[in-house]
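Have a look at the structure below before the remarks.
Residue numbers (my numbering): 381 to 743.
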């Protein structure tokens, strides 16, 4: 039985996307404690997670409880480095909220510390534990359902979060999805805008949730992948009345759309045309998948990955492929490629020469 301790911070990242419940009810796991500086938030999270004991100080919790696994649940990205370094120093394995850090340089510090301590780190990418994506959508594309893939178009959020605001936070889901299909991008060319004009150093600002410097209220990023596959990402302010958050994959013989990650609607749609119309076309077809979407689908996804993490730690083959720090580093590099490309005004390739946020020294 693996002893699990949860680290959250109400009012500062909370418990991320359901990470307080990632190990609740999971076979082979016992949630022994939870730390949160806020009394009210701590009590609520203890009730949700089933944690047996509560602490205000997570360092004290790690010392007194000696857990096997620490859950770094807060989505406050700027706190992640210290949290991971302290967990590694305590010699515990880690299940953590993504994105892991605000820069590639910070991820490198985490990797070095965890290699020294021997700590396993699993990054909570719930798409990796969601059967419709892993067992239906990806196999369909790989098996040729839409022919040879040529273009994946990603639609990011609008409103106050339009543009670069959530590029490090929410969109690594999409980045991981396309990397599962086609490997690492060969190059990126991006353009950021502010009020319709090219973003300038004066438009740089602090991003939300500790993600570091961002710029503009619109972003267009084009990634070229091996095999001639293009991945096109766009997000701009818009009116904020809708939540455009989907990916359409166009092949030589059809299209697959995944519009459901943010809602409880079908996860996968298929159309036999390469460039289908949006209106009046009854050839759009729902691809059946299990389990059906519900309000708990991402909680369950985390729990599947938590079980797979325990399987790995105990020497068994995991059912679900997990994301480690090194892969998370590559996903963060994809975001930073867009910053670097806009700053340089040209396409950029991996690896990036600068592992800090390119906007840190943009003058």
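All C-beta atoms, glycine included, are put in the ideal place defined by N, C-alpha and C. Keep in mind the model is a prediction, meaning the values are calculated, not measured.
If you reduce the DSSP assignment to three classes, tell me which class residue i lands in.
i: residue 743; result: coil
i: residue 438; result: helix
i: residue 445; result: helix
i: residue 707; result: helix
i: residue 684; result: helix
i: residue 507; result: helix
i: residue 557; result: helix
i: residue 653; result: coil
i: residue 631; result: strand
i: residue 492; result: helix
i: residue 604; result: strand
i: residue 689; result: helix
i: residue 463; result: helix
i: residue 697; result: coil
i: residue 515; result: helix
i: residue 567; result: strand
i: residue 671; result: coil
Compare the Cα-Cα distances from residue i to each of the options and report the closest residue.
i: residue 708; options: 672, 488 and 661; result: 488
i: residue 546; options: 589, 582 and 402; result: 589
i: residue 494; options: 472, 383, 619 and 669; result: 472
i: residue 600; options: 623, 576 and 741; result: 576
i: residue 682; options: 644, 701 and 668; result: 701
i: residue 723; options: 659, 440, 660 and 582; result: 582
i: residue 496; options: 513, 502 and 470; result: 470
i: residue 739; options: 564, 593 and 655; result: 593
i: residue 504; options: 644, 699, 453 and 696; result: 453
i: residue 536; options: 466, 597 and 741; result: 597
i: residue 371; options: 401, 444, 429 and 638; result: Nothing in the structure corresponds to residue 371, since the chain is present only between 381 and 743.
i: residue 439; options: 450, 430, 432 and 431; result: 450
i: residue 644; options: 512, 719 and 425; result: 512
i: residue 500; options: 434, 507, 475 and 481; result: 475
i: residue 448; options: 429, 458 and 411; result: 411
i: residue 392; options: 459, 430, 403 and 398; result: 459
i: residue 608; options: 563, 595, 652 and 574; result: 563
i: residue 373; options: 516, 498 and 557; result: The displayed coordinates of the chain run from 381 to 743. Any statement about residue 373 would go beyond what the structure contains.
i: residue 426; options: 444, 462 and 398; result: 398
For residue i, I'd like the list of residues in its chain whose CB is within less than 6 Å of its CB, leaving aside the five on either flank, ordered along the chain.
i: residue 602; result: 569 and 612
i: residue 566; result: 604
i: residue 548; result: 479, 591 and 715
i: residue 441; result: 385, 413, 415 and 435
i: residue 433; result: 413
i: residue 580; result: none
Give every residue of the same chain whose Cβ lies closer than 8 Å to the Cβ of residue i, excluding the five residues on either side of it in the sequence, and list them in chain order.
i: residue 484; result: 709, 712, 713, 716, 732, 735 and 736
i: residue 699; result: 684, 687, 688 and 691
Can you give me the C-alpha to C-alpha distance between residue i and residue j, rounded to a whole angstrom?
i: residue 671; j: residue 578; result: 44 Å
i: residue 529; j: residue 381; result: 44 Å
i: residue 633; j: residue 521; result: 11 Å
i: residue 635; j: residue 618; result: 26 Å
i: residue 423; j: residue 538; result: 34 Å
i: residue 586; j: residue 615; result: 18 Å
i: residue 464; j: residue 446; result: 15 Å
i: residue 514; j: residue 704; result: 17 Å
i: residue 725; j: residue 669; result: 43 Å
i: residue 654; j: residue 661; result: 13 Å
i: residue 456; j: residue 542; result: 19 Å
i: residue 400; j: residue 718; result: 32 Å
i: residue 420; j: residue 676; result: 24 Å
i: residue 624; j: residue 572; result: 18 Å
i: residue 695; j: residue 525; result: 35 Å
i: residue 693; j: residue 403; result: 14 Å
i: residue 477; j: residue 509; result: 14 Å
i: residue 481; j: residue 663; result: 42 Å
i: residue 560; j: residue 730; result: 17 Å
i: residue 431; j: residue 498; result: 26 Å
i: residue 659; j: residue 678; result: 30 Å
Near residue i, which residues of its chain fall below 7 Å by C-beta distance, leaving aside the five closest residues on each side in sequence?
i: residue 721; result: 568, 569, 570, 727 and 728
i: residue 706; result: 491
i: residue 429; result: 386, 400, 401, 404, 411 and 414
i: residue 742; result: 581, 584 and 723
Relative to the ligand NAD, is the shortest distance from any of its heavy atoms to the C-beta of residue i smaller than 8 Å?
i: residue 490; result: As far as ligands go, the structure on display features none, and thus does not contain the ligand NAD.
Check whether the stretch 645–655 and the stretch 545–562 touch, using three or more Cβ-Cβ pairs below 8 Å as the test.
Under the three-pair Cβ rule at 8 Å, the stretch 645–655 does not count as touching the stretch 545–562.
Kindly confirm or deny that the stretch 381–388 and the stretch 406–416 touch, where touching means at least three C-beta pairs closer than 8 Å.
Yes: at least three Cβ pairs fall under 8 Å.
Contact between the stretch 399–410 and the stretch 683–691: three or more CB pairs below 8 Å?
Touching, yes.
Count the C-beta pairs between the stretch 531–541 and the stretch 623–640 that are closer than 8 Å, then say yes if the count reaches three, no if not.
Yes: the two stretches touch, three or more of their Cβ pairs being nearer than 8 Å.
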